[in-house]
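In this note's numbering, each residue carries its 1-based index in the sequence shown increased by 41.
We treat Cβ as the ideally placed atom computed from N, Cα and C, and that holds for glycine.
Owing to the predicted nature of the structure, the values given are computational and were not obtained by experimental measurement.
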Amino acid sequence: MTHEIEIQLRTRVVLIEDTDGRWFARGLDIDYAAQGRSELEVQKAFEIGFVATVRDHMATYGHLDYFQRPAPDHVLEMYASALSESEDGVFLPLNAQPDTTRLARIEYLAA
Numbered sequence: 042m043t044h045e046i047e048i049q050l051r052t053r054v055v056l057i058e059d060t061d062g063r064w065f066a067r068g069l070d071i072d073y074a075a076q077g078r079s080e081l082e083v084q085k086a087f088e089i090g091f092v093a094t095v096r097d098h099m100a101t102y103g104h105l106d107y108f109q110r111p112a113p114d115h116v117l118e119m120y121a122s123a124l125s126e127s128e129d130g131v132f133l134p135l136n137a138q139p140d141t142t143r144l145a146r147i148e149y150l151a152a
């Protein structure tokens, strides 16, 4: 018999494009990352991988204690520094209304 449970997680994700046009998504509240060739691709990669990782953790451990850890201090410091140096809001919310059908609520922030 299988049981379904609903898990609601909220995380902020920073999207960064490097000088070679590669995109990176880095979780702030939960230490998880993905990469892609475009902004849309990296968002999809993050969502799919994030949900798969949550499911794996639940199947393996029965809880998310090992997964629910914030990004390392240097990532949070980089984010805070960019916010304080920006006059025009370097980080902008791209997905303010999360899709309620998804397992995780993800707020994307662009660099």
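Residue i, DSSP secondary structure in three states
i, result
"E88", "helix"
"T60", "coil"
"A75", "strand"
"T141", "Reliability fails at T141, whose pLDDT of 34 lies under 50, so the model's placement of it is uncertain and the value that follows must be treated cautiously. Coil."
"A112", "coil"
"L69", "coil"
CA nearest to the CA of residue i, picked from the options
i, options, result
"L105", "A112, R96 and P113", "R96"
"D114", "F108, S122 and Y107", "S122"
"R78", "L56, H98, F91 and T94", "L56"
Beta carbon proximity, residue i to chain D, threshold 8 Å
i, result
"R78", "Here there is only one protein chain, and chain D is not present."
Under 8 Å between C-beta atoms of residue i and residue j
i, j, result
"A66", "F87", "yes"
Check whether the region 47-58 touches the region 67-83, taking contact to mean three or more Cβ pairs, one atom from each stretch, closer than 8 Å. Flag = yes, the region 47-58 and the region 67-83 touch.
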